[in-house]
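This report refers to the structure that appears directly beneath it.
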Amino acid sequence: EPEVTQTPSHQVTQMGQEVILRCVPISNHLYFYWYRQILGQKVEFLVSFYNNEISEKSEIFDDQFSVERPDGSNFTLKIRSTKLEDSAMYFCASSSDRSGYTFGSGTRLTVV
Amino acid sequence: GDSVTQMEGPVTLSEEAFLTINCTYTATGYPSLFWYVQYPGEGLQLLLKATKADDKGSNKGFEATYRKETTSFHLEKGSVQVSDSAVYFCALSDRGNTPLVFGKGTRLSVIA
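Line order of the protein sequences matches chains A and B. The working numbering numbers the first residue of the first sequence as 222 and each following residue consecutively. The working numbering numbers the first residue of the second sequence as 182 and each following residue consecutively.
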């Protein structure tokens, strides 16, 4: 069964550093998403991406964040100048028609 | 905006007990409804979904029926197992342009 692959599974970074979280969506999917889940809290939408541009973003997704699809297969989330409160599980998802989301297993980001 | 409200946890049940996790939603259109499950240390997995009123989603003994009149999508299982211990998230996706919206999650613990 096709799956969404996320790397790394766990990333530890120092406050103020930049991190790039990587995702390989399902190959024939057209819509890509990033969500995050702070420990013990709800899953929150960050951004959606379609046709090589951001289609929607939440209030959380400020100038500190950016997304990119650099080579037609990877989908990355960059967090500049990380803060302690960026520590969370980050989930990538993809879908073909917005009705069948497939999530990756997540990257746990720990900012120290 | 769209929102999902699900019952607060945690829920603790004995093996073979009946499970109900309530979920209600608010949406402007006719959303698709989902239940996702997150096992300890893992990512989000789609458990079941329903795309229109009166549809019943089912998987692994779990069921949920899309009730438009009560705007609900309650999750049920007749006989839970220890392996069902996880966090369960109700979610919706509007057929318009909104991304997936999650409830806060309900932690289920099943004891032998």
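Note that the Cβ used here is the ideal one computed from N, Cα and C, for glycine as well.
Are the CB atoms of residue i and residue j nearer to each other than 8 Å?
i	j	result
residue 270 (chain B)	residue 214 (chain B)	no
residue 197 (chain B)	residue 260 (chain B)	yes
residue 252 (chain A)	residue 326 (chain A)	no
residue 245 (chain A)	residue 295 (chain A)	yes
residue 359 (chain B)	residue 257 (chain B)	Since the first and last residues shown for chain B are 182 and 293, residue 359 (chain B) lies out of range.
residue 288 (chain B)	residue 263 (chain B)	no
residue 244 (chain B)	residue 233 (chain B)	no
Distance check for residue j and residue i, CA to CA, integer angstroms please.
i	j	result
residue 311 (chain A)	residue 328 (chain A)	5 Å
residue 231 (chain A)	residue 243 (chain A)	11 Å
residue 233 (chain A)	residue 204 (chain B)	35 Å
residue 275 (chain A)	residue 313 (chain A)	14 Å
residue 303 (chain A)	residue 235 (chain B)	45 Å
residue 298 (chain A)	residue 257 (chain A)	11 Å
residue 280 (chain B)	residue 274 (chain B)	6 Å
residue 194 (chain B)	residue 226 (chain A)	34 Å
residue 260 (chain A)	residue 250 (chain A)	29 Å
residue 331 (chain A)	residue 254 (chain A)	21 Å
residue 189 (chain B)	residue 292 (chain A)	42 Å
residue 267 (chain A)	residue 300 (chain A)	12 Å
residue 246 (chain B)	residue 280 (chain A)	32 Å
residue 248 (chain A)	residue 323 (chain A)	12 Å
residue 222 (chain B)	residue 289 (chain A)	27 Å
residue 240 (chain B)	residue 238 (chain A)	43 Å
residue 252 (chain B)	residue 184 (chain B)	11 Å
residue 191 (chain B)	residue 278 (chain A)	31 Å
residue 318 (chain A)	residue 222 (chain A)	18 Å
residue 321 (chain A)	residue 228 (chain A)	22 Å
residue 272 (chain A)	residue 287 (chain A)	16 Å
Is it buried or exposed, residue i, if we count other Cβ atoms within 10 angstroms and call 16 or more buried?
i	result
residue 305 (chain A)	exposed
residue 147 (chain B)	A query on residue 147 (chain B) cannot be resolved here, the shown segment of chain B reaching from 182 to 293 and no further.
residue 292 (chain B)	exposed
residue 199 (chain B)	exposed
residue 230 (chain B)	buried
residue 210 (chain B)	exposed
residue 224 (chain B)	buried
residue 217 (chain B)	buried
residue 286 (chain B)	buried
residue 187 (chain B)	buried
Cα-Cα, which of the options is closest to residue i?
i	options	result
residue 285 (chain A)	A:240, A:251 and A:325	A:240
residue 227 (chain B)	A:332, A:224, A:228 and A:266	A:224
residue 269 (chain A)	B:282, B:248 and B:290	B:282
residue 236 (chain A)	A:308, A:322 and A:324	A:308
residue 249 (chain B)	B:191, B:212, B:290 and B:183	B:212
residue 290 (chain B)	B:252, B:242 and B:219	B:219
Does the distance between the C-beta of residue i and the nearest non-hydrogen atom of the ligand GDP fall short of 7 Å?
i	result
residue 309 (chain A)	This structure simply doesn't include the ligand GDP, nor any ligand for that matter.
field: Ordered list of beta strand (DSSP E) runs contained in the segment 216-273 of chain B, each at least 3 residues
entry: Runs found: 225-231, 237-240, 243-246 and 256-258.
message: Which complete alpha helix (DSSP H) runs does the segment 240-291 of chain A hold, if anything under 4 residues is left out?
response: With a minimum length of 4 residues, no continuous alpha helix (DSSP H) run stays inside the segment 240-291 of chain A.
- prompt: Which ranges does the beta strand (DSSP E) cover as unbroken runs of at least 3 residues, wholly within the segment 188-215 of chain B, from first to last along the chain?
  reply: Segments of the beta strand (DSSP E) lying fully in the segment 188-215 of chain B: 192-195, 200-202 and 204-207.
- prompt: Fully enclosed by the segment 306-332 of chain A, which beta strand (DSSP E) runs are 3 residues long or longer?
  reply: As for any beta strand (DSSP E) of minimum length 3 sitting wholly inside the segment 306-332 of chain A, the runs are 309-316 and 328-332, ordered along the chain.
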